[in-house]
Amino acid sequence: MQVQVKKLEGSWRLGYALHKHTLSSVYLGDDEYGHPRFDTTRSEPGEALYQLKYRSDWNQVAPLAAQVQASLLPLLGKIGLIVPMPASTTRARQPVDELAKELGRITNIPVFN
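Position 24 (the sequence shown) corresponds to 24 in the UniProt record's numbering; numbering is contiguous.
Given below as structure tokens:
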């Protein structure tokens, strides 16, 4: 997975993203139901996240967690616990929880449930 790690600034101590989510998006017009349609180009991590969150493609969990381990964990120092952020959308199975569990599994770091 090709990444361009970006440091995130905000009201937190430290944060990073694997890449921009959307690289470009062109409005194509509205569909027959009046919904806007776009031709969207996403980064590899952005597409993986899109497929996971909006298409329920659970096969994206392992490669995303592996990329977080390879690209972001070395930037963070010692980690004693993984705490997934609360999800903003209610789903039967939460992508953020699945990513946290997989990251915990491959790193042997406990995950807060």
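The beta-carbon is built from N, C-alpha and C at its ideal position, and this holds for glycine as well.
Rounded distance between the beta-carbons of L99 and L73, thought under 8 angstroms: The pair is not a contact, with the Cβ atoms about 13 angstroms apart (cut-off 8 angstroms).
Candidates G34, T40 and V5, of which the one nearest T22 by Cα: T40
Opposing strand residues paired with G29 [DSSP bridges]: R37
Own chain partners of P110 with C-beta closer than 8 angstroms, once the 5 adjacent residues on each side are dropped: G80, L81, I82 and G104
Rounded straight-line distance, which links the Cα of E102 to that of L62: What sits at residue 62 in the sequence shown is Ala, not Leu. Using only the alpha carbons, I get a separation of about 7 angstroms.
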